[in-house]
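Participant:
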Amino acid sequence: MASKLTKKSYRISDYSEMSPQSFGDLMKLAEEIRQEVETTSWEHNGGPAKIDGYPQDLSLTITQTQRGHRAVEKFLKSRRLQSEFVAP
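Its first residue numbered 42, the sequence shown is counted upward by one per residue in our numbering.
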């Protein structure tokens, strides 16, 4: 039986290079997630999971399995610990 997909929004406004005008940076982060998190699960690789970017509120809306969401959260937490992220 296939795992159930759920949709979750991730605010990334603490990413220091993000601004409402930086749709390209938002999509770059989305691509990094697709390349590093549950790589075969994403739509562009034939899977059901997807990412939509919303620069207006600096968020990514991700449709993924629970396991995939945990992996996304871990990825974003790791990125926040890197110098590219600033304290909220």
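From the three backbone atoms N, C-alpha and C, an ideal C-beta is built for every residue, glycine too. Every value quoted in this text rests on a predicted model; they were computed, and no experiment measured them.
1) Determine the DSSP secondary structure at D93, reduced to helix, strand or coil.
2) Quick one: what does DSSP say T80 is sitting in, helix, strand or coil?
3) In this structure, how does DSSP classify Q107 when only helix, strand and coil are distinguished?
4) Measure the CB-CB distance between S50 and T104 and report whether it falls below 8 Å.
5) Run through the DSSP bridge pairs and tell me what K115 is partnered with.
Facilitator: Concretely, from the data shown:
1) strand
2) helix
3) helix
4) no
5) DSSP, once it has assigned bridges, lists no residue as partnering K115.
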